[in-house]
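Here the sequence shown is numbered in the working numbering, starting from 171 and rising by one per residue. Below: the structure, in structure tokens.
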Amino acid sequence: MIAPLLSICIPTYNRAEYLEKSLESLVRQDGFPQVEVVISDNCSEDNTAEVCGSYCSRYPNIIYHRNKENIYDRNFPTVLMLAHGVFRKLFNDTMIYEDVSLRYLIEIVRKYSGSRPFLFFLNGQQLPEKILPVTELENFERFCILTGHRLTWIAGFGLWEEQCVNLEDEFPYCGTNLWQTYKALRIVSENEQSVLMSERIVSIQSVKNRDYSHGLYTVFYKNYPALLAPYVQSGRLSEKAFRKIRKDMLYTQAAPWLFRMPESLKGADFGKEANYKELILRDYRHEPYYLHFVIWNFFHYRLKEIRCKYFVMLKKLAVHTAFGRKLLGVKRQRNLKLY
């Protein structure tokens, strides 16, 4: 059996309706027949098995595996071990793939299949500094600074086939809910070679009632720094770089959580960390930039909210007048964004 160049690896649990839309966006692409799709189901209680069975019966390159019980984050390394591809790309079960994303992934994997650096896909996320669409790095510290908290996103992560052997030995790290981050740091620290891709390849479906009972604060503001700590202690990552990463986390990741409830957090189950805002701010209150952060973001998000309401009100008024309708027509024609 000739191994496929690329495996799309999807761990899933109780998200049949989202997974179906995700698979549909995959199968309609030109590059789909060239890839393997592996789904590892954490013993879902909805109709995930039926949805996957339907796709498997129509597409022989889709493989479905069902765990005997919910193994939680151990499903991430498990689905990678189940795959057969030269490169095995991890994705969430909520992804909607852009029309050319598979072709793009295949080109990237083919380009680097000889040298095999660590590949990380940023999907258009904003970085602390501007980089090229494909940026090759040869420095562990620079990799950590550029990726920062974005390294926790499973859909940016993937491994080469030889890196997927005996991953069950790393199951204990799954308890941090950041196994993929642990693995990425370990690989790049050992060989220094990494490549960052900034191209947007997927969009994310908004999921109702997400489960954050594992703790937003614990995972991102305790476990993630704890994974970086050994590299600071060994000198691989400087204290200055570590502080820069923590500051970037506050300004780019925590700010929306603290000052504007994103759609992804509305109605979510936060478990014992419903006070995650207080916990995050407590960790940063002694930093020299803390006061600036709080004041600037309060007014930034408050003014943005006021501006949005103002323009929505004007739009409602405008549709009742001929002049207003003409202005709205000009806005649409020129694709103007006013709020």
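The beta carbon of each residue, even a glycine, is placed where N, CA and C say it ideally should be. Remember, it's a predicted structure, so these values are computed and weren't measured experimentally.
*Whose C-beta lies closer than 7 angstroms to the C-beta of serine 192 among residues of the same chain, with five residues either side of it excluded?*
Apart from sequence neighbours up to five positions away, the residues of its chain that approach serine 192 with a beta-carbon distance below 7 angstroms are Asp263, Thr264, Met265 and Ile266, ordered along the chain.
_Buried/exposed call for threonine 163, threshold 16 Cβ in 10 Å_ = The requested residue 163 is not part of the displayed model; the chain covers only 171 to 509.
*With DSSP run on the structure shown, which of helix, strand or coil describes aspartate 161?*
A question about residue 161 goes unanswered here, because the residues of the chain that appear run from 171 up to 509.
*Nearest-angstrom Cα distance between arginine 258 and glycine 441?*
If I take the Cα positions, the gap works out to 33 angstroms.
*Beta-carbon proximity list for proline 174, same chain, < 8 angstroms, skipping 5 on both sides*: Excluding sequence neighbours, proline 174 sits near Gln204, Val205, Glu206, Asn231, His254, Gly255 and Val256.
*For tyrosine 509, count neighbouring Cβ atoms within 10 angstroms of its own Cβ and tell me buried if that reaches 16, exposed if not.*
Annotation note: pLDDT 48 at tyrosine 509 (below 50); position unreliable, coordinate value reported separately. Its Cβ having fewer than 16 others within 10 Å, tyrosine 509 is exposed.
*Classify isoleucine 180 as helix, strand or coil using the three-state DSSP reduction.*
Reduced to three states, the DSSP call for isoleucine 180 is strand.
*For the candidate residues His319, Lys447 and Leu196, whose alpha-carbon lies nearest to that of glycine 385?*
Checked all of His319, Lys447 and Leu196; the closest Cα to glycine 385 is Lys447.
*Pick out the complete beta strand (DSSP E) segments inside the segment 197-236, 3 residues or longer, and give them in chain order.*
List check, beta strand (DSSP E) in window: 206-211 and 232-236.
*Spatial neighbours of tyrosine 454 in its chain, beta-carbon cut-off 6 angstroms, leaving aside the 5 residues before and after*: Only Leu420 and Tyr460 meet the Cβ criterion.
*DSSP state of leucine 289, grouped into three classes?*
The answer is strand: DSSP assigns leucine 289 an E or B state.
*State yes or no: is the C-beta of glutamine 295 nearer than 7 angstroms to some heavy atom of the ligand ADP?*
The ligand ADP is not part of the structure shown, which contains no ligands of any sort.
*If you check the beta carbons only, do valine 365 and proline 287 fall under 8 angstroms apart?*
Contact flag set, yes.
*Where the alpha helix (DSSP H) through arginine 413 begins and ends*: Counting along the chain, the unbroken alpha helix (DSSP H) around arginine 413 starts and ends at 409-418.
*For the beta strand (DSSP E) holding methionine 265, just list the boundary residues, first then last.*
Taken as a continuous stretch (DSSP letters only), the beta strand (DSSP E) holding methionine 265 covers 265-267.
*For phenylalanine 412 versus leucine 398, is the C-beta spacing smaller than 8 angstroms?*
Less than 8 angstroms divides the Cβ of phenylalanine 412 from the Cβ of leucine 398.
*Leaving aside the five residues before and after threonine 305 along the sequence, list all residues of the same chain whose C-beta is less than 6 angstroms from its C-beta, in chain order.*
Excluding sequence positions up to five before and after threonine 305, its CB lies within less than 6 angstroms of the CB of Leu366, all in the same chain and listed in chain order.
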